[in-house]
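**Student:**
Protein chains: 6
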Amino acid sequence: MGKVEDFRAYRERMNARIHAEGTLLTKRFFNLDTNCYESGALDTKTKEMLGLVASLVLRCDDCVSYHVVRCVEEGIQRTEIMEVFDVGLVVGGSIVIPHLRRAHELLDELLPAADR
Amino acid sequence: MGKVEDFRAYRERMNARIHAEGTLLTKRFFNLDTNCYESGALDTKTKEMLGLVASLVLRCDDCVSYHVVRCVEEGIQRTEIMEVFDVGLVVGGSIVIPHLRRAHELLDELLPAADR
Amino acid sequence: MGKVEDFRAYRERMNARIHAEGTLLTKRFFNLDTNCYESGALDTKTKEMLGLVASLVLRCDDCVSYHVVRCVEEGIQRTEIMEVFDVGLVVGGSIVIPHLRRAHELLDELLPAADR
Amino acid sequence: MGKVEDFRAYRERMNARIHAEGTLLTKRFFNLDTNCYESGALDTKTKEMLGLVASLVLRCDDCVSYHVVRCVEEGIQRTEIMEVFDVGLVVGGSIVIPHLRRAHELLDELLPAADR
Amino acid sequence: MGKVEDFRAYRERMNARIHAEGTLLTKRFFNLDTNCYESGALDTKTKEMLGLVASLVLRCDDCVSYHVVRCVEEGIQRTEIMEVFDVGLVVGGSIVIPHLRRAHELLDELLPAADR
Amino acid sequence: MGKVEDFRAYRERMNARIHAEGTLLTKRFFNLDTNCYESGALDTKTKEMLGLVASLVLRCDDCVSYHVVRCVEEGIQRTEIMEVFDVGLVVGGSIVIPHLRRAHELLDELLPAADR
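Chains as they are written, first to last, in my numbering: chain H, 1 to 116; chain X, 1001 to 1116; chain Y, 2001 to 2116; chain U, 3001 to 3116; chain P, 4001 to 4116; chain F, 5001 to 5116.
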């Protein structure tokens, strides 16, 4: 299908390669990265929004894509995502805009017609 | 008093100077920066945590201090702040640790004895 | 046509989507971003060079492309752009070089044969 | 005297140590760094403003201080410096603000009373 | 052939353009960049690993690719490269992971079957 | 005593606070960070130099200080450290220079008179 599926497939294939070739420390880091977004004192929704804004201000398209997908899966509304984007834009500046363009393109693929 | 008051006083004094000398655009940016954390589709609590994690991964001590103070003012619990720190640490890496040290020091000034 | 046109079309299409879905704050940020390069105490030429060097050291290809196009539109000479690139290279280091390659490629599309 | 003199003295003392202990490559890099702001296709004024905005968006206080001092030495007006700050603020985002505070403080030391 | 060859060809073509159009300072910077990895107090192997980890934490794919190729040319083993990656991952955080995916993909092209 | 001891004391005190207040994930990240520099396919010397150059290009003074101290403890020579600095300087650009000044100051405290 679209970009979302391509990204997911590449991500899974290469993560498998990293697990196969990486060290024990590599694997432990990947575990931490997964655990980090699990519900605790903060729920997963909030943590995914934290992951999204962090990815935006650090300007990493793949990380932004990953967390946009996860936010949508967690049922976070488009209006809420727009305000996460705003925090990222104000904190990170206009240099964030190209990443917002690609994030909006992805969001249009994930939340088509009816939702708009 | 402590570091919190020094930081607040310096911040207010220099923000006044920026408003006095800056352009109209400078002032408009500062307004945007204030508006950005006001309650909307997301509440101020969530937005302050977004501001905190963004500041952490960008490794700006003053911004981290500002948002730690704001998070405590908004009644966000220490256990919740710890999980915001964790997202910042995992996303941003060990380079974030020196900023976490200073953020913990500030938190100990803001939430003393009884709270621990 | 070439990369310049593709980039411009994508940029305009997605900016329209951002304006359609974004908040009032999003729109106000975009206005600030436009106003920022208008002639004031400094002329637009100087401001576009400032935008270019900032984009280079922050290593954002889309932002570099945008400001290279704008610099050429403002009549800034290739020899002048080369010196903006030099400041970006010295301040930002060898990590800037891949972005310089793509900026030169774009410049060759914008200022072909006769100009060289 | 003030912060400007402290900064200048420390800078000169440690640059001398770097020249004494560094390699030939270190010395050559420092030469490049000096040459970079010399008048060429662009004049030194413009290049110092480029150095200033690059330092701002990369959020390096010492580099910002150095270029603010140099801009003032080159006769660049406060109103012009304000617009360099604006480009840095819009491109780099609110994370730049703490550095703007310190830059304004320095500017008040360099351009006192009469000038305001 | 594969991505490695495409990258090398583009890199050489555009470096030639940069040398043709750039200033004397540009050329001198490129010379420094080359000299920097030559054997001295540290051998080239160590320096290439330093270049690789610096590129990883600064999250520059082209620079990572360049140094991965160079590390393999210098006979650095996959298990050693894995540990350079680990330092980059721990220091730079999960934001480095997308770059690790592409670095592993490149490594699989450079060190196929037999080596695994 | 000097800056090294102050830094070490603060670091240990606040790391203890982080361990006391942080989550299980926080503690596991700190363990990873320690394990990362242990001898494996690469020896600790090489890994400490990797940590140093990564800290330099990310421009974190505390991290640079930590790894400079560790490099000296591991018996890495001043001439070798100078070349790690050079890679950091060329990759990261002149924005790294203020951090080099402070790193040299620390090195002068760690390796006094006789060694020079």
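We put the CB at the ideal spot given by N, CA and C, even for glycine.
Taking P:D4086 as the reference, give the member of H:G93, H:V53 and H:F29 with the closest Cα.
**Tutor:** Here residue 4086 of chain P refers to the residue found at position 86 of the fifth sequence. Residue H:F29 is the option with its Cα nearest to P:D4086.
**Student:** So F:K5003 and F:L5106 are in contact, right, with Cβ under 8 angstroms, and what is the actual spacing, rounded?
**Tutor:** Locating residue 5003 of chain F in the sixth sequence gives position 3, counting from the first residue. Locating residue 5106 of chain F in the sixth sequence gives position 106, counting from the first residue. Yes, F:K5003 and F:L5106 are in contact; Cβ-Cβ is about 7 angstroms, under 8 angstroms.
**Student:** The segment 3087-3115 of chain U: which residues have C-beta closer than 8 angstroms to a C-beta of chain H, in chain order?
**Tutor:** Within the segment 3087-3115 of chain U, the qualifying residues are L3089, V3090, V3091, G3092, G3093, S3094, I3095 and V3096.
**Student:** In terms of residue numbering, what span does the alpha helix (DSSP H) encompassing Y:A2009 cover?
**Tutor:** Indexing the third sequence from 1 puts residue 2009 of chain Y at position 9. That run of the alpha helix (DSSP H) goes K2003 to E2021.
**Student:** Taking only three categories from DSSP, how would you classify H:G75?
**Tutor:** On the first sequence, residue 75 of chain H is found 75 positions in, with the first residue counted as 1. DSSP places H:G75 in coil when its eight states are reduced to three.
**Student:** Are F:F5007 and F:D5062 close, meaning C-beta to C-beta below 9 angstroms?
**Tutor:** In the sixth sequence, the residue the question calls residue 5007 of chain F occupies position 7. In the sixth sequence, the residue the question calls residue 5062 of chain F occupies position 62. Going by C-beta atoms, F:F5007 is nearer than 9 angstroms to F:D5062.
**Student:** Determine, using beta carbons only, whether P:T4044 comes closer than 9 angstroms to chain U.
**Tutor:** Position 44 of the fifth sequence holds residue 4044 of chain P. Chain U contact via Cβ: absent.
**Student:** Say whether chain H places a C-beta atom closer than 9 angstroms to the C-beta of U:V3057.
**Tutor:** The sequence position of residue 3057 of chain U within the fourth sequence is 57, counting from 1. Chain H contact via Cβ: present.
**Student:** Between which two residues does the alpha helix (DSSP H) harbouring F:L5117 extend?
**Tutor:** This structure cannot speak to residue 5117 of chain F, because chain F is shown only from 5001 to 5116.
**Student:** Enumerate in chain order the residues of its own chain whose CB-to-CB distance from U:V3068 is below 8 angstroms, with the five nearest sequence positions on each side excluded.
**Tutor:** As a working note, residue 3068 of chain U is residue 68 in the fourth sequence. Answer for U:V3068: L3052, I3081, A3103, L3106, L3107 and L3110, listed in chain order.
**Student:** So P:D4033 and Y:S2065 are supposed to be a Cβ contact under 8 angstroms. How far apart are they, rounded?
**Tutor:** Stepping through the fifth sequence from its first residue, residue 4033 of chain P is reached at position 33. Stepping through the third sequence from its first residue, residue 2065 of chain Y is reached at position 65. Wrong, their Cβ atoms sit about 23 angstroms apart, outside the cutoff.
**Student:** Can you give the Cα-Cα distance for Y:G2040 and U:G3088, rounded to whole angstroms?
**Tutor:** Your numbering for residue 2040 of chain Y matches position 40 in the third sequence. Your numbering for residue 3088 of chain U matches position 88 in the fourth sequence. Looking at the two C-alpha atoms, the distance is approximately 15 angstroms.
**Student:** Straight-line CA distance for X:Q1077 to F:E5021?
**Tutor:** Taking the second sequence and counting its residues from 1, one reaches residue 1077 of chain X at position 77. Taking the sixth sequence and counting its residues from 1, one reaches residue 5021 of chain F at position 21. Those two C-alpha atoms are separated by around 12 angstroms.
**Student:** Buried or exposed: which applies to F:T5079, given that a residue is buried once 16 or more other Cβ atoms fall within 10 Å of its Cβ?
**Tutor:** Counting from 1 along the sixth sequence, the entry for residue 5079 of chain F is found at position 79. So F:T5079 counts as exposed.
**Student:** Alpha carbon to alpha carbon, how far is X:R1013 from F:R5059? Give it in angstroms, no decimals.
**Tutor:** Along the sixth sequence, read from residue 1 onward, the residue named residue 5059 of chain F stands at position 59. Along the second sequence, read from residue 1 onward, the residue named residue 1013 of chain X stands at position 13. Rounded to the nearest angstrom, the two C-alpha atoms are 28 angstroms apart.
**Student:** Taking only three categories from DSSP, how would you classify U:D3043?
**Tutor:** What you label residue 3043 of chain U is simply residue 43 of the fourth sequence in a count that begins at 1. DSSP places U:D3043 in coil when its eight states are reduced to three.
**Student:** I'd like to check one pair, Y:C2036 with Y:K2027: are the Cβ atoms closer than 9 angstroms?
**Tutor:** For the purposes of this step, residue 2027 of chain Y is identified with residue 27 of the third sequence, where counting begins at 1. For the purposes of this step, residue 2036 of chain Y is identified with residue 36 of the third sequence, where counting begins at 1. Cβ atoms of Y:K2027 and Y:C2036: not closer than 9 angstroms.
**Student:** Using a C-beta cutoff of 9 angstroms, does H:M14 count as contacting chain P?
**Tutor:** Counted from its first residue, the first sequence places residue 14 of chain H at position 14. H:M14 counts as touching chain P.
**Student:** Measure the C-alpha to C-alpha separation of F:A5016 and X:L1056 and round it to an integer number of angstroms.
**Tutor:** In the sixth sequence, residue 5016 of chain F corresponds to position 16, counting from 1. In the second sequence, residue 1056 of chain X corresponds to position 56, counting from 1. Cα to Cα, the separation comes out at about 20 angstroms.
**Student:** Does H:R78 come within less than 9 angstroms of chain Y when only Cβ atoms are used?
**Tutor:** Translated into the one-based positions of the first sequence, residue 78 of chain H becomes position 78. For H:R78, the answer is yes, since a Cβ of chain Y falls inside 9 angstroms of its Cβ.
**Student:** Would you identify the three-state DSSP class for P:L4052, choosing helix, strand or coil?
**Tutor:** Looking up residue 4052 of chain P in the fifth sequence gives position 52. Residue state, collapsed to three classes: helix.
**Student:** Taking the straight line between their C-alpha atoms, what separation do you get for X:C1071 and P:R4101?
**Tutor:** Stepping through the second sequence from its first residue, residue 1071 of chain X is reached at position 71. Stepping through the fifth sequence from its first residue, residue 4101 of chain P is reached at position 101. Roughly 36 angstroms between the two C-alpha positions.
**Student:** Examine chain P for any beta-carbon lying closer than 9 angstroms to the beta-carbon of Y:M2049, and answer yes or no.
**Tutor:** Taking the first residue of the third sequence as position 1, residue 2049 of chain Y is located at position 49. It does not: the Cβ of Y:M2049 has no partner Cβ on chain P nearer than 9 angstroms.
**Student:** Against chain Y, with Cβ distances strictly below 9 angstroms, would P:C4071 count as a contact?
**Tutor:** Walking along the fifth sequence from the start, residue 4071 of chain P turns up at place 71. No, P:C4071 lies away from the interface with chain Y (no Cβ there is under 9 angstroms from its Cβ).
**Student:** From the DSSP output, in three-state form, read off P:L4111 for me.
**Tutor:** Sequence index remark: in the fifth sequence, residue 4111 of chain P carries index 111 (1-based). It is coil, neither helix nor strand.
**Student:** Using a C-beta cutoff of 9 angstroms, does P:F4007 count as contacting chain H?
**Tutor:** As a first step, residue 4007 of chain P is located in the fifth sequence; it is residue number 7 there, counting from the start. Chain H, which has no Cβ nearer than 9 angstroms to the Cβ of P:F4007, makes this no.
**Student:** With H, G and I counted as helix, E and B as strand and the rest as coil, what does DSSP make of F:E5038?
**Tutor:** Counting from one through the sixth sequence, the residue named residue 5038 of chain F turns up at place 38. Three-state DSSP puts F:E5038 in coil, outside helix and strand.
**Student:** Shortest alpha-carbon distance to F:E5074 belongs to which of F:L5024, F:V5084, F:M5049 and F:V5096?
**Tutor:** As a first step, residue 5074 of chain F must be located in the sixth sequence, where it is residue number 74. Nearest C-alpha to F:E5074: F:M5049.
**Student:** Should F:E5083 be flagged as near chain P, meaning a C-beta pair shorter than 9 angstroms?
**Tutor:** What you label residue 5083 of chain F is simply residue 83 of the sixth sequence in a count that begins at 1. Chain P contact via Cβ: present.
**Student:** DSSP three-state call for X:G1093: helix, strand or coil?
**Tutor:** Start at 1 with the first residue of the second sequence, and residue 1093 of chain X comes out as number 93. Coil at X:G1093, not helix or strand.
**Student:** Please confirm whether X:C1036 has its beta-carbon closer than 9 angstroms to some beta-carbon of chain Y.
**Tutor:** The residue labelled residue 1036 of chain X in the question sits at position 36 within the second sequence. Yes, X:C1036 counts as interfacial toward chain Y.
**Student:** Here's the rule: buried if 16 or more other CB atoms are within 10 angstroms of the residue's CB, otherwise exposed. What is Y:L2024?
**Tutor:** Here residue 2024 of chain Y refers to the residue found at position 24 of the third sequence. Exposed, because fewer than 16 other Cβ atoms sit within 10 Å of the Cβ of Y:L2024.
**Student:** Roughly how many angstroms lie between the CA atoms of Y:N2031 and Y:H2019, to the nearest whole one?
**Tutor:** Position 31 of the third sequence, counted from the first residue, corresponds to residue 2031 of chain Y. Position 19 of the third sequence, counted from the first residue, corresponds to residue 2019 of chain Y. Between Y:N2031 and Y:H2019, the C-alpha separation is close to 11 angstroms.
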